[in-house]
Amino acid sequence: MNNWFFIAFLTLGAIACAHAQSTETVVPGVKTTPGVVTNISVEQLAAALAADSAIHVLDVRSIQEYVGGHIADAMQIDVLQNEKFKAEIQKLDKNQTYWVYCRSGHRSLIAADEMIRSGFTSVINVDGGFNAWSARKQ
């Protein structure tokens with residue numbers, strides 16, 4: 192009996208994986224899979240910005256951190272203001288790709304996971320966050 196459950200579970204998992212199609216972003220080699228957060232480096236974000244200035248960059252740090260310095264044209268929604276964050280992301284187009292960053296990468300993972308749970312199809316977490324972005328430019 193347990194073997195049948197295991198086989199059924201594996202079969203359903205294989206079917207689900209077969210339906211999850213990767214989508215190429217503006218950066219060659221960076222693909223996203225619906226329902227899965229993709230992690231990229233700040234170098235890949237820089238390449239994306241150079242290739243397409245209209246990409247959607249989301250800064251999930253506090254407003255004070257944002258005012259102290261941010262990636263050009265990034266939107267700011269503080270993930271630590273949980274209810275406000277959930278309300279604000281509902282105003283965004285869930286079919287667009289969002290490149291999410293924070294100070295070091297932890298809060299952006301929380302935000303990216305929440306966005307996926309809320310139905311966003313393409314969410315990219317920027318490893319190292321603004322700290323890595325600032326260090327890259329020096």
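In this text, residue positions in the sequence shown follow the working numbering: the first is 192, and each later residue adds one. Note that beta-carbon positions come from the ideal geometry of N, C-alpha and C, so glycine has one too. Source: prediction; values computed, not measured.
If you compare alpha carbons, which of the options is closest to residue i?
i    : options                   : result
G226 : S325, K328, A323 and G310 : G310
S253 : R308, N273, H247 and A245 : N273
G260 : Y292, E234 and K277       : Y292
K328 : L283, A302, Q287 and E234 : E234
A302 : T223, V228 and T224       : V228
What residues match up with residue i in a beta bridge as DSSP calls it?
i    : result
G328 : Per the sequence presented here, residue 328 reads as Lys, with Gly not at that position. For K328, which the question treats as bridged, DSSP gives no partner whatsoever.
T288 : S313
M266 : L249
I231 : V317
Identify, in the order they occur along the chain, each residue of the same chain with its Cβ nearer than 6 Å to the Cβ of residue i, setting aside the five sequence neighbours on each side.
i    : result
Y289 : H247, L249 and V314
F276 : I268 and V270
R298 : V251 and V270
A326 : none
Leaving aside the five residues before and after residue i along the sequence, list all residues of the same chain whose C-beta is less than 7 Å from its C-beta, in chain order.
i    : result
I231 : V221, I315, V317 and D318
R294 : R252, E256, G320, F321 and N322
L203 : Note that L203 scores a pLDDT of 46, beneath 50, so its modelled location is shaky and nothing firm can be said.
K285 : G310, F311 and T312
L236 : W290 and V317
Who are the near neighbours of residue i in its chain, counting only those whose CB is closer than 8 Å to its CB and skipping five residues on each side?
i    : result
E279 : I268
E305 : V270, F276, K277 and I280
L300 : V228 and N316
A205 : Residue placement at A205 is flagged as unreliable, the pLDDT there being 47, under the threshold of 50; a coordinate-derived value is accordingly withheld.
Work out the CA separation of residue j and residue i for me, nearest whole Å.
i    : j    : result
V258 : M266 : 12 Å
D264 : L240 : 10 Å
I262 : W324 : 8 Å
T223 : Q287 : 11 Å
L283 : G296 : 21 Å
A245 : I307 : 21 Å
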